[in-house]
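Per our numbering, the very first residue in the sequence shown carries number 32; after that it's consecutive. Built from N, CA and C at the ideal position, the CB exists for glycine as well. Please read these numbers as outputs of a predicted model, since none were measured by experiment. Single-structure report; data block below.
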Amino acid sequence: MSFSQQVSPPRRLTGGQIVLLGLVSTIGPISTDMYLPAFPQLERDLGHGPGSAQMTLACWFIGLAVGQFCLGPLSDRFGRRNPLVIGLGVYTLASVCLALTSNYTLFCLLRFLAALGGAISSTAPRAIVRDVATGHEAVRLTSQLTLVFGVGPILAPTLGSLLLLAGSWRLIFWSGAIASLLLIVACLVILPDTLPPQYRRALPPVEILRRYSFLFRERVFISSALIASFSSFVMFAYLANAPLLFEHMLGFSPGGFATFFGINAAGFILATQINSRLAHRHSFIRIMQGGMLSALSFGLLLLLVSATGLSGPDNPWLLCALIIATTFSLGFIGPNATVLSLTHHAHQAGSASALLGTLNFAVGGSSGILMACLPPSHLSSTAIGMLAGVAGMWLCNFWRRRDPDHDVLPT
Numbered sequence: 032m033s034f035s036q037q038v039s040p041p042r043r044l045t046g047g048q049i050v051l052l053g054l055v056s057t058i059g060p061i062s063t064d065m066y067l068p069a070f071p072q073l074e075r076d077l078g079h080g081p082g083s084a085q086m087t088l089a090c091w092f093i094g095l096a097v098g099q100f101c102l103g104p105l106s107d108r109f110g111r112r113n114p115l116v117i118g119l120g121v122y123t124l125a126s127v128c129l130a131l132t133s134n135y136t137l138f139c140l141l142r143f144l145a146a147l148g149g150a151i152s153s154t155a156p157r158a159i160v161r162d163v164a165t166g167h168e169a170v171r172l173t174s175q176l177t178l179v180f181g182v183g184p185i186l187a188p189t190l191g192s193l194l195l196l197a198g199s200w201r202l203i204f205w206s207g208a209i210a211s212l213l214l215i216v217a218c219l220v221i222l223p224d225t226l227p228p229q230y231r232r233a234l235p236p237v238e239i240l241r242r243y244s245f246l247f248r249e250r251v252f253i254s255s256a257l258i259a260s261f262s263s264f265v266m267f268a269y270l271a272n273a274p275l276l277f278e279h280m281l282g283f284s285p286g287g288f289a290t291f292f293g294i295n296a297a298g299f300i301l302a303t304q305i306n307s308r309l310a311h312r313h314s315f316i317r318i319m320q321g322g323m324l325s326a327l328s329f330g331l332l333l334l335l336v337s338a339t340g341l342s343g344p345d346n347p348w349l350l351c352a353l354i355i356a357t358t359f360s361l362g363f364i365g366p367n368a369t370v371l372s373l374t375h376h377a378h379q380a381g382s383a384s385a386l387l388g389t390l391n392f393a394v395g396g397s398s399g400i401l402m403a404c405l406p407p408s409h410l411s412s413t414a415i416g417m418l419a420g421v422a423g424m425w426l427c428n429f430w431r432r433r434d435p436d437h438d439v440l441p442t
């Protein structure tokens with residue numbers, strides 16, 4: 032099969048299947064956020080000092096990156112459902128072992144293994160969407176997945192805190208194992224395999240490297256994937272500095288910060304649903320570019336307001352409104368850039384989705400390095416970090432438009 036061939040015929044997903052895929056895709060963010068409140072207890076029980084819990088988080092992130100890059104192409108060889116079920120099985124077993132271990136080194140290793148299994152929960156749903164839809168319909172499905180996906184990070188810290196009140200950090204991993212087991216059963220019962228056997232092919236290591244090499248050289252894919260990744264960079268830059276900005280510099284109480292965090296997240300989810308409706312009547316590429324213009328405008332205003340002192344501890348609401356407006360704009364960028372990057376790669380949607388996820392993690396996660404280098408006591412640091420991501424999106428979009436086929440979509 033050549034790189035230009037398309038997988039057909041597409042199948043429609045039911046509402047229940049879309050919800051299931053959304054729940055599957057929350058494995059990564061929930062597993063990241065849910066145990067954050069347990070860091071002090073975790074360090075005490077595992078017998079290591081301050082900072083050791085952060086190392087377990089680093090093991091998780093490394094596992095996600097390695098898992099998406101290495102295991103994603105397996106869904107092009109063995110179909111979408113079976114690798115997903117096996118990956119969730121690895122995540123389940125690792126979570127059970129995490130709940131039982133008291134050895135710090137083993138805990139770090141198990142977090143890495145859990146991430147390897149859980150990584151497929153990010154790549155498989157994107158590949159399934161590409162199997163069944165293109166263009167505006169793919170935007171609609173991606174936005175619906177984002178709705179379910181977006182609820183997870185909002186609820187995860189609260190759920191983690193409640194489980195800590197009910198028991199210990201071990202209960203968090205027991206609950207993760209049970210939830211993953213239920214998802215396995217649901218996948219086996221209601222989720223079809225959207226990649227027919229006749230479109231699967233053996234993938235020796237040389238072929239996997241050849242596919243990745245092709246994707247890296249395909250300008251529309253790599254530029255669109257980087258636009259989606261820099262959209263994540265903007266969000267991560269905000270999240271990395273949010274506790275310091277709101278609680279220490281603006282004087283928000285923990286409850287006030289949680290309320291603002293929830294409002295901002297709800298605004299982002301609302302934007303993805305508006306994006307889904309707009310995609311039926313307008314070009315999703317133009318919607319994406321409109322979102323980028325909006326993010327640039329609000330980001331520049333945010334920098335102006337924070338750098339000149341027009342908004343601060345005595346009057347934080349203008350700054351808060353501009354942050355909400357900037358992150359709201361991201362809801363029109365990430366889903367559309369994701370669809371655009373996968374549009375021409377139905378025959379290798381698993382590999383393309385895996386590389387997209389790896390780039391998303393690598394680029395988005397690098398925002399933490401930038402935020403660590405900026406002055407922590409300056410109100411404008413958050414604006415600078417977010418604007419850096421917006422600038423990355425614009426540069427990648429200019430690069431995308433240099434390709435002769437940058438706006439050519441399959442019919």
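Between the region 303-318 and the region 382-397 there are fewer than three inter-stretch CB-CB distances shorter than 8 Å, so the stretches are not counted as touching.
In the structure shown, the three-state DSSP call for N346 is strand.
For G362, the secondary structure class from DSSP, reduced to helix, strand or coil, is coil. Straight-line measurement puts the Cα of L193 at about 33 Å from the Cα of A259. If you compare the alpha carbons of R308, I253, A393 with that of I93, the shortest gap goes to A393. Annotation: L405 to V421 spans about 17 Å, alpha carbon to alpha carbon. One alpha carbon belongs to F292, the other to A419, and they sit about 21 Å apart.
The beta strand (DSSP E) runs lying completely inside the region 200-258 and spanning 3 residues or more number zero. The DSSP-derived three-state label of M65 is coil. In this structure, V50 sits away from L214, with a CB-CB distance that is not shorter than 8 Å. Under the Cβ criterion (8 Å, minimum of three pairs), the region 149-167 counts as touching the region 118-134.
Counting the other Cβ atoms within 10 Å of the Cβ of V251 gives 16 or more, which makes it buried. Going by DSSP, M402 is part of the alpha helix (DSSP H) stretching over 398-404.
Relative to L176, the option among P71, G330, A155 whose CA is nearest is A155. Contact holds between the region 99-117 and the region 157-175, because three or more Cβ pairs, one in each stretch, are under 8 Å apart. Proximity to R75 across S126, P60, N134, G53 peaks at N134, based on C-alpha coordinates.
Considering only T358, L281, L309, T290, the residue with the shortest C-alpha distance to G343 is L281. Apart from the 5 residues on each side of it in sequence, I58 sits with its Cβ closer than 6 Å to the Cβ of G149, S152 in its chain, given in chain order. For R142, the three-state secondary structure derived from DSSP is helix. Of the residues L334, L324, G330, the one whose Cα lies closest to the Cα of F429 is L324. Counted as a single uninterrupted DSSP element, the alpha helix (DSSP H) harbouring E74 occupies residues 70-76. Judged by DSSP secondary structure, G322 falls within the alpha helix (DSSP H) whose first and last residues are 315-339. Nearest to V179 by alpha-carbon distance, out of T225, H279, R248, F299, is F299. Of all alpha-carbon atoms in P347, A326, R312, the one lying nearest the alpha-carbon of G365 is that of A326. Taking F264 as reference, the option from F100, A356, M417 with the minimal CA-CA separation is M417. Taking all protein chains in view, the Cβ of N295 is crowded by 16 or more other Cβ atoms within 10 Å, so the residue is classified as buried.
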